[in-house]
Each structure stands twice: as C-alpha cells, then as structure tokens.
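Chemist: Residue numbering for the sequence shown follows the numbering used here, beginning at 481 and increasing consecutively.
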Amino acid sequence: MIIQKVEKSRLETIDKDNLTFGSGFTDHMIVCEYENGKWGEPRLMPYGKMEFSPAMMGVHYGQACFEGMKAYKDKDDNVFLFRPEKNFARINKSTKRLAMPAIPEEVFMEGLKALVDVERNWVPFGEGFSLYLRPVIFATEEALMARPANKYMFAILATVAKSYYTAPVSAKISDYYSRAANGGVGFAKAAGNYAGAFYPTQLANEEGYQQIIWADDATHKYFEESGTMNVMVRIGDTIYTPKTSDRILDGVTR
C-alpha cells in the first residue's frame, strides 16, 4: 500500500457535537483503481476533491454501489469494526449484479484497517458516536457506450458520526411506489436504488413521516424493508421479519 499522510490534522476544527450525519470527513481516504483487467496498488492519501470527466460511465449508466459500516471506540481506547466480513461479502454481491469487478479481500480489509488505524484519534467515544466508513466503487471510464465499463475506482471514506436518528422514527407504509421487484437489484446496495426511493420518501416527508416501509411490488400487502434498515415486528414474544430475497438488502445485523 502506498501511504501519503497529511502534514497537519483537521480534527481540532471539527465540532463533533453539531455534525449532521455524513459530514465531518476525516483527514485521509483509501483509493484503488481498476484498469486493464486488474486492480492497482491501494493508496492511503489525504482526503480531498478529485477530477472526473462528465462522460464518466458511472454517471450515465449507474455502475456504482457502496457499503456503510462503523468503527467504535471503547473506554480503554480500543477501536473495533462490526462484522466487516459481512460488508465485504455484500459489496461483491452488489458488484456482481452490476457487472463490475470483484474487490479483492486484501484491498477491502487492509484498506479498512489502514484507514481506521491512521484515523484512530477521529473515532469518538460515547453512546451513539462512531466513525462511519463508506466503501464505494464506481465506473470511471470516459465513454458513452452502454456497456460495462473497463475502468473503476474503489474508495473508502470516513466521517465522524452520531446516531442516524436521534428520536423514534415515524414511517409510512408504501401502498403505491415500489423499491424493488423480482429479478431486479433490490438485494444490491446499488446507488440507483437510493435515487429511485428519494421521490416517494420526499412525499412521505411532506406528510410528516421520516421513512417509508416498502411492501412487495405485486400486492403491497407484505412488509419487505425500510429505506434505511431491515424491518422486524414483535407480536407477543415472537419476532417476525421478512425472509431475505432478491428484493431485500440483507442487513449485517440480522
């Protein structure tokens, strides 16, 4: 791995108590590029803006998927990841469905370890606090042909995070819009799945709901998942949750 560290950390400029989720990026990121049928050497480098062509195929044809995971710190200053092997398996399940190259385990795992280690001081301690990690892969080839790209970038970003929700969530059961269908990409953490859910979620927000509980596309009678999490229902002493399928993103906490 090629390592290039910042000369001075920005940590002291971050107001951890007033962050919104997904902001407050750390000093570094991991970047690894795929070209000519193989992955290059991963780089740990300063976080910053990058230059891409407006003809980048990932923008036009949606070859992009990601993961979301967290690092936690205990009272003894130890830092932990939660089931990273599950996220690794899931992102490659997504890449396969989107005709993208599989990410090598050593690139994913060693990249996570290197980033979390160098950003150890950024990992907050306390209930509801964590270092949110965002592995992402997207097509970077400059072309307008509708086909799988030949160039990709894999990156891992990190942000200081508080709980996604700070209060109980009010959710609307969707009886018209659908998130996924049989044979589709609902099981993949594909970027386009989120784009397609934004408009129905906006409508739900206007009615006072924070989230949507998606139902099956055929009848809208059966719960499948929420926009940001899997769903379970407690009836008496029994927990019910939908079986995973190609319509449901399988959560790592199941």
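Just so it is clear, CB atoms sit at the ideal spot from N, CA and C, and this is done for glycine as well.
Could you check whether Val559 and Arg600 sit closer than 8 Å to each other, using their CB atoms as the reference points?
Modeler: Against the sequence shown, residue 600 aligns to sequence position 120. Against the sequence shown, residue 559 aligns to sequence position 79. Yes, these two residues count as a Cβ contact at 8 Å.
Chemist: I need the DSSP call for His700, collapsed to helix, strand or coil.
Modeler: As a position in the sequence shown, residue 700 is number 220, starting the count at 1. Correct three-state label for His700: coil.
Chemist: Are the Cβ atoms of Ala661 and Arg577 separated by less than 8 Å?
Modeler: Translated into the one-based positions of the sequence shown, residue 661 becomes position 181. Translated into the one-based positions of the sequence shown, residue 577 becomes position 97. Their beta carbons are not under 8 Å apart, which means Ala661 does not touch Arg577 by this criterion.
Chemist: Buried or exposed: which applies to Glu607, given that a residue is buried once 16 or more other Cβ atoms fall within 10 Å of its Cβ?
Modeler: In the sequence shown, counting from the first residue as 1, residue 607 sits at position 127. With fewer than 16 other Cβ atoms within 10 Å, it is exposed.
Chemist: What are the residues that DSSP puts in a beta bridge with Leu624?
Modeler: Taking the first residue of the sequence shown as position 1, residue 624 is located at position 144. Answer by DSSP bridge pairing: none, since Leu624 is not bridged.
Chemist: To the nearest whole angstrom, what separates the beta carbons of Val732 and Asn498, a pair I think is in contact under 8 Å?
Modeler: Here the question's residue 732 lines up with position 252 in the sequence shown. Here the question's residue 498 lines up with position 18 in the sequence shown. Between Asn498 and Val732 the Cβ distance is about 29 Å, and since that is not below 8 Å, they are no contact.
Chemist: DSSP puts Met549 in a beta bridge; with which residues?
Modeler: Reading the sequence shown from its first residue, position 69 is the one you call residue 549. Leu613.
Chemist: Of all the options Tyr656, Lys573, Ser654, Glu492, which has the alpha carbon lying nearest to the alpha carbon of Phe667?
Modeler: Taking the sequence shown and counting its residues from 1, one reaches residue 667 at position 187. It is Lys573.
Chemist: Quick one: Cα of Pro628 to Cα of Gly520, how far?
Modeler: By one-based count along the sequence shown, residue 628 stands at place 148. By one-based count along the sequence shown, residue 520 stands at place 40. Taking the straight line joining both Cα atoms gives about 19 Å.
Chemist: Using DSSP bridges, identify the partner residues of Met509.
Modeler: Your numbering for residue 509 matches position 29 in the sequence shown. Bridge partners of Met509: Met525.
Chemist: Do Ser654 and Glu623 have their beta-carbon atoms positioned less than 8 Å apart in this structure?
Modeler: On the sequence shown, position 143 is the one that residue 623 refers to. On the sequence shown, position 174 is the one that residue 654 refers to. One point to set straight first is that residue 623 is Ala, not Glu, in the sequence displayed. Contact: no.
Chemist: First and last residue of the alpha helix (DSSP H) that includes Lys576?
Modeler: Sequence index remark: in the sequence shown, residue 576 carries index 96 (1-based). Its alpha helix (DSSP H) spans residues 564-577.
Chemist: Which residues bound the beta strand (DSSP E) around Val713?
Modeler: One-based indexing of the sequence shown puts residue 713 at position 233. Here the beta strand (DSSP E) through Val713 covers 713-715.
Chemist: Once DSSP output is grouped into helix, strand and coil, what is the label at Leu561?
Modeler: Taking the sequence shown and counting its residues from 1, the one referred to as residue 561 is at position 81. If DSSP states are grouped into helix, strand and coil, Leu561 belongs with the strands.
Chemist: Thr575 and Pro584 - do their beta-carbons sit closer together than 8 Å?
Modeler: Residue mapping note: residue 584 aligns to position 104 of the sequence shown, counting from 1. Residue mapping note: residue 575 aligns to position 95 of the sequence shown, counting from 1. Against a cut-off of 8 Å, the Cβ pair of Thr575 and Pro584 comes out as no contact.
Chemist: List the endpoints of the continuous beta strand (DSSP E) containing Ala651.
Modeler: For the purposes of this step, residue 651 is taken as the residue at position 171 of the sequence shown. Its beta strand (DSSP E) spans residues 651-653.
Chemist: Measure the alpha-carbon distance for Ile483 versus Ile692 and round it to whole angstroms.
Modeler: What you label residue 483 is simply residue 3 of the sequence shown in a count that begins at 1. What you label residue 692 is simply residue 212 of the sequence shown in a count that begins at 1. Near 42 Å, if we compare the C-alpha coordinates of Ile692 and Ile483.
Chemist: For the putative contact between Thr620 and Met536, defined by C-beta atoms under 8 Å, what is the C-beta separation to the nearest angstrom?
Modeler: On the sequence shown, residue 620 is found 140 positions in, with the first residue counted as 1. On the sequence shown, residue 536 is found 56 positions in, with the first residue counted as 1. 6 Å between Cβ atoms; contact.
Chemist: Would the region 541-554 and the region 511-525 be scored as touching if the rule is three or more Cβ pairs under 8 Å?
Modeler: They do not touch, by the three-pair rule.
Chemist: Quick one: residues in its chain with C-beta nearer than 6 Å to the C-beta of Ala671, no 5 flanking neighbours on either side, listed in chain order?
Modeler: As a working note, residue 671 is residue 191 in the sequence shown. For Ala671, where only same-chain residues beyond five positions count, the Cβ hits under 6 Å are Ala544.
Chemist: So Thr506 packs on Trp602, CB below 8 Å; how close in whole Å?
Modeler: On the sequence shown, position 26 is the one that residue 506 refers to. On the sequence shown, position 122 is the one that residue 602 refers to. So it is a contact: roughly 5 Å between Cβ atoms.
Chemist: Between Tyr674, Tyr657, Tyr527, Lys652, which lies nearest to Tyr689 when the distance is taken from Cα to Cα?
Modeler: Within the sequence shown, numbered from 1, the residue matching residue 689 stands at position 209. With distances taken between Cα atoms, Tyr689 lies closest to Lys652.
Chemist: Where do the ends of the beta strand (DSSP E) carrying Gln691 lie?
Modeler: Mapped onto the sequence shown, residue 691 falls at position 211. Per DSSP, Gln691 belongs to the beta strand (DSSP E) from 691-695.
Chemist: Alpha carbon to alpha carbon, how far is Ala647 from His700? Give it in angstroms, no decimals.
Modeler: Sequence index remark: in the sequence shown, residue 700 carries index 220 (1-based). Sequence index remark: in the sequence shown, residue 647 carries index 167 (1-based). His700 and Ala647: Cα-Cα distance of roughly 27 Å.
Chemist: For Thr681, is the classification buried or exposed, using 16 other Cβ atoms within 10 angstroms of its Cβ as the cut-off for buried?
Modeler: Counting from one through the sequence shown, the residue named residue 681 turns up at place 201. It is buried - the Cβ of Thr681 has at least 16 other Cβ atoms within 10 Å.
Chemist: Quick one: what's Phe678 bridged to in DSSP?
Modeler: The residue labelled residue 678 in the question sits at position 198 within the sequence shown. None; Phe678 has no bridge partner.
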